[in-house]
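Colleague:
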Amino acid sequence: MTDLDPRMLNEQMRTSVVKKALEADSIIYDAGVNHGDMHPRNIVIVGFRSDLEDGAPKEAIIKVIDFNVAHVRFHPMNKDLEIERIIQKEREGWFPKLPSPLLRFYHSLDGFVWEGWCPNDDPDSDHEGSSLWLWNQFKDDDRYIPVIWDRTNPWKSPRYVELENTSHDNSNLGTKIDGNDDVKVHGEDGIDIEMGETEEGVWDDW
Numbered sequence: 478m479t480d481l482d483p484r485m486l487n488e489q490m491r492t493s494v495v496k497k498a499l500e501a502d503s504i505i506y507d508a509g510v511n512h513g514d515m516h517p518r519n520i521v522i523v524g525f526r527s528d529l530e531d532g533a534p535k536e537a538i539i540k541v542i543d544f545n546v547a548h549v550r551f552h553p554m555n556k557d558l559e560i561e562r563i564i565q566k567e568r569e570g571w572f573p574k575l576p577s578p579l580l581r582f583y584h585s586l587d588g589f590v591w592e593g594w595c596p597n598d599d600p601d602s603d604h605e606g607s608s609l610w611l612w613n614q615f616k617d618d619d620r621y622i623p624v625i626w627d628r629t630n631p632w633k634s635p636r637y638v639e640l641e642n643t644s645h646d647n648s649n650l651g652t653k654i655d656g657n658d659d660v661k662v663h664g665e666d667g668i669d670i671e672m673g674e675t676e677e678g679v680w681d682d683w
């Protein structure tokens, strides 16, 4: 993404690129890995899917690279293990829905904003971001855990909707991670993730 001037693309295509990146982060996180550096420099645009009727570009196809600071969320040596367990507990009743980009990237889209990929709709924030843009893109997406956010108080972080008397079936969680196996996740259109171990560490292929 850093080698492409976003002004060369229309707003629809810029939005598609950023959404695909954030969707990929949620899929990776749900598979048990925190990428830790989701930034335009780590997103490769490999092509665009075209509209079948007029042939115009419709959506982006992206690959995520650079897992050098990534960590396995529930590894015993993870320094944030207790935090990850708390986060996982909050999500239990919502399986198999994915973690929402609204929480993952609230006030944290600095790199995408600075490079012109999405608007800065909260310029007074200490953390340049695009909270309203995030809300508009993901608020009605039922692939993700539903989120509550007070737009009149943008400094108050969004939160997941709470469930009463929750029960869940873990048989449909999708990806199981085994330290001796590779992990392959088939995501939404334009997002394929494959991760495994090499002598140099984790590799990825989208």
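Numbers in our numbering are just positions in the sequence shown, counted from 1, shifted up by 477. Glycine is no exception: its CB is placed at the ideal position from the N, C-alpha and C atoms.
Can you grab the Cα-Cα spacing for the pair His584 / Asp557, in whole Å?
Modeller: For the purposes of this step, residue 584 is taken as the residue at position 107 of the sequence shown. For the purposes of this step, residue 557 is taken as the residue at position 80 of the sequence shown. Approximately 21 Å between the Cα atoms of the pair.
Colleague: Report buried or exposed for Arg491, applying the criterion of at least 16 other Cβ atoms within 10 angstroms of its Cβ.
Modeller: Reading the sequence shown from its first residue, position 14 is the one you call residue 491. Buried.
Colleague: Quick check on the DSSP output: the beta strand (DSSP E) that includes Val541 runs from which residue to which?
Modeller: Sequence index remark: in the sequence shown, residue 541 carries index 64 (1-based). Pro534 to Val541 is the span of the beta strand (DSSP E), which, as asked, contains Val541.
Colleague: Check each candidate in Phe572, Asp587 and Trp591 and name the one with the smallest Cα separation from Pro483.
Modeller: Residue numbering aside, residue 483 sits at position 6 when the sequence shown is read from its first letter. That would be Trp591, whose Cα lies nearest to the Cα of Pro483.
Colleague: Kindly indicate which residue of Glu488, Asp627, Arg620 and Ser503 has the alpha-carbon position closest to the one of Val541.
Modeller: Here residue 541 refers to the residue found at position 64 of the sequence shown. Looking at the Cα atoms, Ser503 is the closest of the given residues.
Colleague: Since Val549 contacts Gly524 with CB under 8 Å, what's their CB separation in whole angstroms?
Modeller: Working through the sequence shown from its first residue, we reach residue 549 at position 72. Working through the sequence shown from its first residue, we reach residue 524 at position 47. Incorrect: roughly 30 Å between the Cβ atoms, too far for contact.
Colleague: How about the region 619-635 and the region 572-584: do they share at least three Cβ pairs that are nearer than 8 Å?
Modeller: yes
Colleague: Identify every residue that forms a DSSP beta bridge with Val521.
Modeller: Against the sequence shown, residue 521 aligns to sequence position 44. Note: Val521 sits in a beta bridge opposite Lys540.
Colleague: Could you tell me how far apart the beta carbons of Val494 and Trp594 are, in whole angstroms, since I believe they sit closer than 8 Å?
Modeller: Taking the sequence shown and counting its residues from 1, one reaches residue 494 at position 17. Taking the sequence shown and counting its residues from 1, one reaches residue 594 at position 117. The Cβ separation is near 7 Å, so the contact holds.
Colleague: In whole angstroms, what is the alpha-carbon distance linking Gly513 and Asp507?
Modeller: Counted from its first residue, the sequence shown places residue 513 at position 36. Counted from its first residue, the sequence shown places residue 507 at position 30. Between Gly513 and Asp507, the C-alpha separation is close to 13 Å.
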